[in-house]
Amino acid sequence: MLELPQKTVIGSAHSKLILVGEHAVVYGEPAIALPFPEIEVKATVDQVDGPIQINSSFYYGLLSDMPDKLEGLAICIKKTCKELDQDATGFRIQIESSIPIGRGLGSSAAIAIAIVRSLYAYYEHDLSRNDLMKLVDIAETYAHGSPSGIDMAAASSEVPIWFEKDKEIEHVYINKPFHLVVADTGRIGDTHAAVASIKEQYKVDFTETKLSIAHLGKLTTQARTALHDGDHSLLGMLLNRAQDELSKLGVSDEGIDRLTKVARKSGALGAKLTGGGRGGCIIALAKSIKHAKEIADDLLHAGADQTWYFTVGE
Ligand code: PMV
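Take the sequence shown: its position 167, counted from the start at 1, is 737 in my numbering, and no numbers get skipped.
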């Protein structure tokens, strides 16, 4: 008998970086986020008999047996099938990701985006940005509590974005390309706990916390102007100030502080944590791509788990 070719489709999504404004964005301040295309997630869907199977490095088995911590992703997949008017059965999703988990690089958002994209492609439906965001938000809400939405917005954007909660996303104009180094402390950050701790601080010291959050918002606005003007020295200084403020808010830690110091000693124009903090990654602004490589090497020597460097705005 002639075997019909198996239908296989792929959906993908890249990583993201928050340049400035993390945490403050939860309280309505703006943040600037960037697509980080160097690392990505690929979700491959193909046909199988029986219930939905998930093959990945973090879970291998039936969708119905997924552990509680992946409940959001499971619901997101079921809701996607419902949106597509399809029974939640008869396919397998294989997930391959080069985005380290829990490092503030948007891995959970990218996984959900890649999956939703792959299922829409598998069932040959167009996917609007609104529908994508609505479905991914289900997984993100389970993963992060009450996320601002910046991760999924940036992991699905091809250009740098200006993000304010519940507002239209704007593109950020980059006058002069800049060079970033990303370094992983090697420790999983806990965005959920970091966000909760700032919420707690609001209760303990409302005025001081509000001032810090407003200051981060102001630094983000100034960073947008620096990007617009191509003023990298100013941008670096603003990143350093943002790191000071995030430290004050208690979301930095020893590992982040050490790597930011190393980056600055290597001549970085600025360095700060990126994402939720308390572990995870730092970013450093370099003077050139050659300088970015030198900083990345120094960070590796100083104990960073992994580093990447790339140019934004080319
Ligand atoms: O998921 P992470 O670690 O990249 O953090 C997201 C940014 C926060 O501002 C800390 C939280 C949020 O939901 O905006």
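Built from N, CA and C at the ideal position, the CB exists for glycine as well.
Since we're looking at a predicted model, the values are computed, not measured.
* In whole angstroms, what is the alpha-carbon distance linking D638 and Y629? -> For D638 and Y629, the distance between alpha carbons rounds to 12 Å.
* Across which residues does DSSP place S585 in a beta bridge pair? -> Bridge partners of S585 according to DSSP: F606.
* If you drop the 5 nearest sequence neighbours on each side, which residues of the same chain put their C-beta closer than 6 Å to that of A583? -> Closer than 6 Å at the Cβ level, and outside the excluded window around A583, lie V611, A680, I683, A684 and A725.
* Going by other Cβ atoms of all chains shown within 10 Å of its Cβ, with 16 needed for buried, is A766 buried or exposed? -> With fewer than 16 other Cβ atoms inside 10 Å of its own Cβ, A766 counts as exposed.
* Residue span of the beta strand (DSSP E) that contains Y630, given as start and end -> Residues Y630 to L632.
* Less than 7 Å between the CB of P717 and some heavy atom of ligand 1, yes or no? -> Here the distance from the Cβ of P717 to the nearest heavy atom of ligand 1 is below 7 Å.
* **Inter-stretch contact at 8 Å, needing at least 3 Cβ pairs: the segment 708 to 718 / the segment 814 to 833** => Remark: fewer than three beta-carbon pairs, one from each stretch, lie closer than 8 Å, so the segment 708 to 718 and the segment 814 to 833 are not flagged as touching.
* To do: Identify which residue in E734, R794, D707 and H871 has its Cα closest to the Cα of C646.
  => For C646, the nearest C-alpha among the options comes from D707.
* Closer than 7 Å: is that where the CB of T791 sits relative to any heavy atom of ligand 1? -> Not so, every heavy atom of ligand 1 lies at least 7 Å from the Cβ.
* **Proximity test, H593 beta-carbon vs ligand 1 heavy atom, cut-off 7 Å** => Correct: H593 has its Cβ closer than 7 Å to ligand 1.
* I731: which of Q623, T578 and L797 sits nearest, CA to CA? -> Here the closest residue by C-alpha is L797.
* Outcome for A753 when other beta-carbon atoms lying within 10 angstroms are tallied against a minimum of 16 -> The residue is buried, with at least 16 neighbouring Cβ atoms inside 10 Å.
* **Which listed residue (G837, Q576 and K649) has its alpha carbon closest to that of R662** => Ranking G837, Q576 and K649 by Cα distance to R662 puts Q576 first.
* To do: Mind checking which residues open and close the alpha helix (DSSP H) that includes Y690?
  => Taken as a continuous stretch (DSSP letters only), the alpha helix (DSSP H) holding Y690 covers S677 to Y692.
* **Spatial neighbours of A644 in its chain, beta-carbon cut-off 6 Å, leaving aside the 5 residues before and after** => If you ignore the 5 residues before and after A644, its C-beta comes within less than 6 Å of the C-beta of L633 and M636, all in its own chain and listed in chain order.
* Alpha carbon to alpha carbon, how far is E599 from T844? -> Per the coordinates, the alpha-carbon of E599 lies some 16 Å from the alpha-carbon of T844.
* Roughly how far, in whole angstroms, is the beta-carbon of L839 from the beta-carbon of L869, given that I think they are within contact range, below 8 Å? -> Incorrect: roughly 15 Å between the Cβ atoms, too far for contact.
* Thinking C-alpha only, which one of V615, G676, T881 and V774 is nearest A709? -> Relative to the Cα of A709, the nearest Cα in the group V615, G676, T881 and V774 belongs to G676.
* Asked: Cα-Cα, which of T755, G846 and G759 is closest to Q876?
  -> Q876 has its Cα closest to that of T755, out of T755, G846 and G759.
* Asked: In the DSSP assignment, what residue or residues form a beta bridge with I580?
  -> Paired residues: T614.
* To do: Check whether the Cβ of V765 sits closer than 7 Å to any heavy atom of ligand 1, and report yes or no.
  => Yes; taking the cut-off as 7 Å, the Cβ of V765 has a heavy atom of ligand 1 nearer than that.
* Can you have a look at V686 and say buried or exposed, based on whether 16 or more other CB atoms are within 10 angstroms of its CB? => For V686, the number of other beta carbons within 10 angstroms of its own is at least 16, and it is reported as buried.
* Which residues in the same chain have their Cβ closer than 6 Å to the Cβ of W878, if we skip the five residues on either side of it in sequence? -> Closer than 6 Å at the Cβ level, and outside the excluded window around W878, lie E608 and V752.
* Does the Cβ-Cβ distance between H593 and V821 come in under 8 Å? -> In this structure, the beta-carbon distance from H593 to V821 falls below 8 Å.
* Out of curiosity, what's the CA-to-CA distance linking L528 and L702? -> A question about residue 528 goes unanswered here, because the residues of the chain that appear run from 571 up to 884.
* Asked: Shortest alpha-carbon distance to V832 belongs to which of G719, A874 and G847?
  -> Nearest C-alpha to V832: A874.
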